[in-house]
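Chains as they are written, first to last, in full-length UniProt numbering: chain G, 1 to 163; chain A, 1 to 801.
Every residue gets a Cβ at the ideal spot worked out from N, C-alpha and C, and that includes glycine.
These notes are about the structure you will find just below.
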Ligand code: FES
Ligand code: FES
C-alpha cells in the first residue's frame, strides 16, 4: 500500500503525517490528530456525524481521503469554541437541550454554523431543510431547531454590535 | 390516593444538563476514542449465507499477513468458553434454547453471523486479513420468513427440534370463552409489524484487555448494562467477576440495542488473551444492520368481545415473534411483553393471550426501546378503533368506556399490577389540547382544497421502574431488578454521587444531580455524578433499560441523600451549638431557622472539614468520620406511566405518502425531575415511533439476504420528515417509589404508530382503509388506497360507520 506525506492545518495547527492512500480524513483526524470530536456514524456519507469544515465548506470526512485534504485548512468541532468561551451555537444547544447522546452534535453544529453564515435569519423550514443531511437518532430535532433559532438571534445581535 | 409532593426546587426544574459541555466541545470519550498502549483492532468475518453448514475454516493465510496478531474461529471460541451466549429472560420453562456461542462453528443461521475474527495492527489490516480466510459452506434450504418457518416440512434451524417453534405460552385471566359466547359484537384483526432496529448513531463497540498472566480482564463497553455485562462475561469466560472491570465511556445512544450482551464482547476478550494485547472491536454501520439486535417483527392476531355500548368484555390474542436464527440476551422477553400487556390501559375482565416464538434465518431479535409495548399498543388500539367503527361510536368514547378507572388501582392485569393513574383525565387533556390547536378546523379547510387530513389518537401505558428482584426471578429473569446508589460529601463540601447506571444521552447524570442537590440543600454545581465503572460504582440490577434509571436511581439516591442530610445537620448542630431540629439547609449553608441573613451559619465546607480533617471539638462524639450513605431500592412493584398521543397527518392519495403535521403527547410519569429532559425523551421516542410507523424496515430478500444495509435503504427520519412536538403533563406519583418518580424513557415509542395509523384511517375514512401493516410505506398505502377505490372494501365499511 502506497503511503504519502500530507500536511494540513487542523484547528489552526499545522500537522504533517505519512498516510496510506486509503486512510480516510476521518481516521486521520481522529487517530493521528486526536480530533475525536469527529464521529463516525455510517462511513457511507449519509449521517453527517463526521462533518468537518474543509477550506471553509462542510465536508464529510468519512468519504474524503486524508491525501485529498493535503494543503487544506480543516476545522473540527474542537475548533468551534473561542478559548473557553462556547460558540453561540454551543451555548444555545446547551440551553435548549439540543443534544442527548451528543454523537451527532459535532457534525450538526458545524453544519448549522455554515447555514447561519449563509443565512443569518433562517425560517424553521430552512433550518429543517439544512439539517436534513444530518441524522440525529435521539432528539427528534425540535430542540435542535429551537437552539439554532436562538443562536441565529445571538449571532445577528453580535454582528449588529460590531456594526 | 395519597400523593407524595416534593417541595418546589431543583426536582422539577428545567436545568441545563451537566453532560453537555463535554459533548458540545468534542471532549467526550466514546468507545472508539479509547486508545490503549499496544491496542489492536479487530474485525469479524460474517456469514454470507442465511443457512449453511460450515464444512471448513482455513485461517492460515490470514495468520501470515504482516500486522495480524491473532485469529480465532467459531470452534475455538466454543472450546474457550465455559458457557454459550446467555439468555437472561427465561420466562417459559420448557422453551427450547439455542445455546450458541459468540461465533458460529457448526452451522450459520443468518447472514451476518460471525464465523471467525482477526486482531491486527489496525482495522484496515484486520479487514484485509478477513479476505484471506477461507470458509467452505454447504448451503442449506432456509426458512427466512415466519410462514416459511412454520410451514409443514420447513427446513429446521435446529435439527434436534421437532419444528422451528422455540416456545409457546398462554396467559389467561378470567373466563374468555364465556365472554365471547355472550358478546354482542366480536371484532378481530391481524397486524403485521415490520422488522426494525434501534440504530443508535454510535454503533456498538468493545475494547478488552485480558492479562493472560493474572487473568484480569478490563473492558470498555458501549453498553447500557455494565453490571450485567460483567456478570455475563464472568459466566461465559469462566472468570470470577472480581477480576473483571467493565467501564462504559460515553454511549452514543442505546435504545435497548446496547442493553443486550453480544458475541463481540466475548470475541474481543478471547482475541486479547491470545494476542496479549488490548483488542478493540468497533462494529461498522454495515455490520450493524446484521449484527445488532433486530426488533419489532411480529404477527399479532387480536380479537375482542364487546357489548353494544362499547364495553369490552373479553380479549384474545396471539403474538408470533419472528426471533431470528438464535436467541438474543433477552430471548422471548419483548414478544412476551407484547403479549401480556396486550389489554393495555383497558379494564378487560377476561383475557387469553398466547405468545409463540419462532426461529427464522434472520438476525436475532433483541431489545429496542419500547420492548414489546409498541406491539401490544398497536394491538389494543387498532382493535379499539375497529370496534368503534363497527359500533358507529367515536374511538375515544370506546376508550373512555374501557379505560381503567382511578379507583381501581392497583389494577391486576394478566401479569402486572398497574400502580396508579388517571387515564380518562389524560385522554381529555389531549382532546382539549387538540381543540386548542384547531386541528378539526385545519382538517375541514384542507378538505375544501381536496387534501386529506386525519386526526388519530392512541392511549399507551408504559411499564417502568423494573423490579422487584424476587418477582422478576420467579418470572424467569436470571438477574435482579434493584438499584444501588451512593452519595458522598467530601472534605470541602462537594458532593459525589456514584451510580451503576449508564449515561447514554438520557441525562441520568443531571437527573441524579438534581435529586441529590435538592435533598441535601446544595447548589447543583457542587454535585458530580460518576457513572460507568463497575470497579468503583455501585451495582445496578438489570441495567439501564426498562425505563428504570430515573425512577429507581432517583428513589435510591433520594433515600441515601436524606440520611446524609441528617448527619450533616448533626455535625452542623455541634458547630453551631444548636439542635439539629432547629437547622435549615439552603444553597449549601446550614443556619438556625428564623435567624435570617447574618444569623449564625456554617457552610457545607465547614461540615466537610469537621468530618474529614479537623475533627477535634467539631465532630460530635459518637459520630464516625466521613459523610457517605448508600441505598438500595428494590421496589415493591413496577410503576406504570401512561399517555395519550394525538396526531394530525396528511395523506397524499396520489403517492401514498404520509406527512405528520402536528404531534401531541399528554403524559404522566409521576414526579418529573427535569421537564426539559422528559420532553426531550418524549420527542426522541416519538421520532422513532414515526420512523417505525412510516419509513423504517429491515427487508430481506427471498434467499434471506438483507436488502437494507445502509442509511440509504433503512430510512431514519430526518428533520424534514418530522413535525414539531407538543407535550402536556399530568402528575400522578408512584407512591411506592421514594420521590414518586415513574420512568418514561420508552414512552414516545409506544403509542406513536397507533396514533399515526388512526390518523391515516381518518384521512381516508371515505375509503374505509384500515392500516394493519407497519411501516405503512408509500407503496403499501397507495396499494390500499387503489384497492379501496377500485372496489368493495370502501362500501362495506361505509355501511358499518
Ligand atoms: S460517518 Fe460520514 S456521513 Fe456518516
Ligand atoms: S443526540 Fe444522539 S444522535 Fe443526536
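> Using a beta-carbon distance cut-off of less than 8 angstroms, what residues from the stretch 488-507 of chain A approach chain G?
Replying inline: Cβ contacts with chain G come from 504, 505, 506, 507.
> Taking the alpha-carbon positions, what's the residue 538 (chain A) to residue 561 (chain A) distance?
Replying inline: Numbered from its first residue, the second chain carries residue 538 (chain A) at position 538. Numbered from its first residue, the second chain carries residue 561 (chain A) at position 561. Residue 538 (chain A) and residue 561 (chain A): Cα-Cα distance of roughly 15 angstroms.
>> List, in chain order, every chain G residue whose beta-carbon is nearer than 9 angstroms to that of residue 201 (chain A).
In response: Locating residue 201 (chain A) in the second chain gives position 201, where the first residue counts as 1. The answer, in chain order, is 39, 41, 42, 47, 49, 101, 103, 104, 135, 136, 137, 138.
>> On the criterion of 16 or more Cβ atoms from any shown chain inside 10 Å, does residue 770 (chain A) qualify as buried, or is it exposed?
In response: Residue mapping note: residue 770 (chain A) aligns to position 770 of the second chain, counting from 1. The residue in question, residue 770 (chain A), is buried, as its Cβ has 16 or more Cβ neighbours within 10 Å.
> What residues in the stretch 708-731 of chain A have a beta carbon less than 9 angstroms from any beta carbon of chain G?
Replying inline: Of all residues in the stretch 708-731 of chain A, those with a C-beta nearer than 9 angstroms to a C-beta of chain G are 710, 711, 712, 716, 717, 718, 719, 720, 721, 722, 723, 724, 725, reading in chain order.
> Going along chain A in order, which residues have a C-beta closer than 9 angstroms to the C-beta of residue 132 (chain G)?
Replying inline: Residue numbering aside, residue 132 (chain G) sits at position 132 when the first chain is read from its first letter. Under the 9 angstroms cutoff, chain A gives 718, 719, 720, 721.
> Could one say the Cβ of residue 109 (chain G) lies closer than 9 angstroms to chain A's Cβ atoms, at least one of them?
Replying inline: Along the first chain, one-based indexing puts residue 109 (chain G) at 109. Yes - at least one Cβ of chain A is within 9 angstroms of the one on residue 109 (chain G).
>> Cutting at 7 angstroms between CB atoms, please list the residues of its own chain near residue 678 (chain A), excluding the five before and the five after it.
In response: Residue mapping note: residue 678 (chain A) aligns to position 678 of the second chain, counting from 1. Cβ within range, chain order: 669, 672, 744.
> Going along chain A, which residues have a C-beta under 9 angstroms from residue 145 (chain G)?
Replying inline: One-based indexing of the first chain puts residue 145 (chain G) at position 145. Think of a sphere of 9 angstroms around the beta carbon of residue 145 (chain G): the chain A residues whose beta carbon falls inside it are 719, 724, in chain order.
> By the 10 Å Cβ neighbour count, where 16 or more other Cβ atoms means buried, how is residue 260 (chain A) classified, buried or exposed?
Replying inline: Counting from one through the second chain, the residue named residue 260 (chain A) turns up at place 260. Burial call: buried.
> At what residues does the alpha helix (DSSP H) containing residue 402 (chain A) begin and finish?
Replying inline: By one-based count along the second chain, residue 402 (chain A) stands at place 402. Unbroken alpha helix (DSSP H) run through residue 402 (chain A): 395-402.
> Mind checking if residue 60 (chain G) is an interface residue toward chain A, Cβ cutoff 9 angstroms exclusive?
Replying inline: Residue 60 (chain G) sits at position 60 when you count from the first residue of the first chain. With 9 angstroms as the cut-off, residue 60 (chain G) does not count as an interface residue toward chain A.
>> I need the DSSP call for residue 760 (chain A), collapsed to helix, strand or coil.
In response: Against the second chain, residue 760 (chain A) aligns to sequence position 760. Taken through DSSP and simplified to helix, strand or coil, residue 760 (chain A) comes out as helix.
>> For residue 22 (chain A), tell me which candidate among A:250, A:452, A:706 has the shortest Cα-Cα distance.
In response: Here residue 22 (chain A) is taken as the residue at index 22 of the second chain, counted from 1. Of the listed residues, the one whose Cα sits closest to residue 22 (chain A) is A:250.
> At a CB-CB cut-off below 7 angstroms, which residues of chain A make contact with residue 28 (chain G)?
Replying inline: Here residue 28 (chain G) refers to the residue found at position 28 when the first chain is read from its first residue. Per Cβ cutoff of 7 angstroms: no residues; residue 28 (chain G) is ~12 angstroms from chain A at best.
>> Using CA atoms only, rank isn't needed, just tell me which of A:583, A:376, A:633, A:605 is closest to residue 467 (chain A).
In response: In the second chain, the residue the question calls residue 467 (chain A) occupies position 467. Comparing C-alpha distances from residue 467 (chain A) to each of A:583, A:376, A:633, A:605 shows the shortest one belongs to A:633.
> Would residue 682 (chain A) be called buried (16 or more neighbouring beta carbons within 10 Å of its own) or exposed?
Replying inline: For the purposes of this step, residue 682 (chain A) is taken as the residue at position 682 of the second chain. With 16 or more Cβ atoms within 10 Å of its Cβ, residue 682 (chain A) is classed as buried.
> How about residue 187 (chain A) and residue 116 (chain A): are their beta carbons less than 9 angstroms apart?
Replying inline: Taking the second chain and counting its residues from 1, one reaches residue 187 (chain A) at position 187. Taking the second chain and counting its residues from 1, one reaches residue 116 (chain A) at position 116. Not a contact, by the Cβ cut-off of 9 angstroms.
>> Cβ closer than 8 angstroms: which chain G residues qualify as neighbours of residue 251 (chain A)?
In response: Here residue 251 (chain A) corresponds to residue number 251 of the second chain, with the count starting at 1. Ordered by position in chain G, the residues that pass the 8 angstroms Cβ test against residue 251 (chain A) are 101.
> How big is the Cα-Cα spacing for residue 84 (chain A) and residue 104 (chain A)?
Replying inline: Mapped onto the second chain, residue 84 (chain A) falls at position 84. Mapped onto the second chain, residue 104 (chain A) falls at position 104. Cα to Cα, residue 84 (chain A) sits roughly 11 angstroms from residue 104 (chain A).
> Buried or exposed: residue 591 (chain A), going by 16 or more other Cβ atoms within 10 Å of its Cβ?
Replying inline: Within the second chain, numbered from 1, the residue matching residue 591 (chain A) stands at position 591. Residue 591 (chain A) is buried by the Cβ-count criterion.
> Looking at the structure shown, is residue 11 (chain A) part of a helix, part of a strand, or coil, going by DSSP?
Replying inline: Residue numbering aside, residue 11 (chain A) sits at position 11 when the second chain is read from its first letter. In the three-state reduction of the DSSP assignment, residue 11 (chain A) falls in the coil class.
> From residue 1 (chain A) to residue 410 (chain A), what distance separates their C-alpha atoms?
Replying inline: As a working mapping, residue 1 (chain A) is identified with position 1 in the second chain. As a working mapping, residue 410 (chain A) is identified with position 410 in the second chain. Any reading at residue 1 (chain A) must be qualified, since the residue scores a pLDDT of 38, below 50, and its modelled position is unreliable; the value itself is stated next. Roughly 10 angstroms separates the two Cα atoms.
> Do you know offhand how far residue 503 (chain A)'s Cα is from residue 370 (chain A)'s?
Replying inline: Translated into the one-based positions of the second chain, residue 503 (chain A) becomes position 503. Translated into the one-based positions of the second chain, residue 370 (chain A) becomes position 370. Their Cα atoms are separated by approximately 18 angstroms.
> So residue 76 (chain G) packs on residue 111 (chain G), CB below 8 angstroms; how close in whole Å?
Replying inline: Against the first chain, residue 76 (chain G) aligns to sequence position 76. Against the first chain, residue 111 (chain G) aligns to sequence position 111. Contact doesn't hold; Cβ gap of about 13 angstroms is too wide.
> For the stretch 5-29 of chain A, which residues have a CB atom closer than 9 angstroms to at least one CB atom of chain G, in sequence order?
Replying inline: Within the stretch 5-29 of chain A, 14, 16, 17, 19, 20, 21, 22, 23, 24, 25, 26, 27, 28, 29 place their CB atoms closer than 9 angstroms to a CB of chain G, listed in sequence order.
> Can residue 99 (chain G) be considered in contact with ligand 2, in the sense that its beta carbon sits closer than 8 angstroms to one or more heavy atoms?
Replying inline: Mapped onto the first chain, residue 99 (chain G) falls at position 99. Residue 99 (chain G) Cβ: within cutoff of ligand 2.
> What is the DSSP secondary structure of residue 531 (chain A), reduced to helix, strand or coil?
Replying inline: In the second chain, the residue the question calls residue 531 (chain A) occupies position 531. DSSP places residue 531 (chain A) in coil when its eight states are reduced to three.
> For residue 303 (chain A), is the classification buried or exposed, using 16 other Cβ atoms within 10 angstroms of its Cβ as the cut-off for buried?
Replying inline: Walking along the second chain from the start, residue 303 (chain A) turns up at place 303. Residue environment analysis places residue 303 (chain A) among the buried positions, since at least 16 neighbouring C-beta atoms fall within 10 angstroms of its C-beta.
> So does the stretch 149-160 of chain G actually touch the stretch 239-248 of chain A, counting three or more Cβ pairs closer than 8 angstroms?
Replying inline: By the C-beta criterion, the stretch 149-160 of chain G is judged not to be in contact with the stretch 239-248 of chain A, since fewer than 3 inter-stretch pairs fall below 8 angstroms.
>> Could you check whether the Cβ of residue 255 (chain A) sits closer than 9 angstroms to any Cβ belonging to chain G?
In response: By 1-based counting over the second chain, the position of residue 255 (chain A) is 255. The beta carbon of residue 255 (chain A) sits closer than 9 angstroms to some beta carbon of chain G.
> If we cut at 9 angstroms on Cβ distances, does residue 65 (chain G) have a partner in chain A?
Replying inline: For this step, residue 65 (chain G) is matched to residue 65 along the first chain. Not one chain A Cβ lies under 9 angstroms of residue 65 (chain G).
>> What would DSSP say about residue 683 (chain A), mapped onto helix, strand or coil?
In response: Sequence index remark: in the second chain, residue 683 (chain A) carries index 683 (1-based). Helix at residue 683 (chain A).
> Under 9 angstroms, do residue 508 (chain A) and residue 544 (chain A) count as touching if we go by C-beta distance?
Replying inline: Residue 508 (chain A) sits at position 508 when you count from the first residue of the second chain. Residue 544 (chain A) sits at position 544 when you count from the first residue of the second chain. For residue 508 (chain A) and residue 544 (chain A), yes; Cβs fall inside 9 angstroms.
> Comparing the C-beta of residue 80 (chain G) with each C-beta of chain D, is any distance below 9 angstroms?
Replying inline: Note that chain D does not occur in the displayed structure, where the protein chains are G and A.
> On the three-state DSSP scale, how would you describe residue 315 (chain A)?
Replying inline: Position 315 of the second chain, counting from 1, holds the residue named residue 315 (chain A). It is a strand residue.
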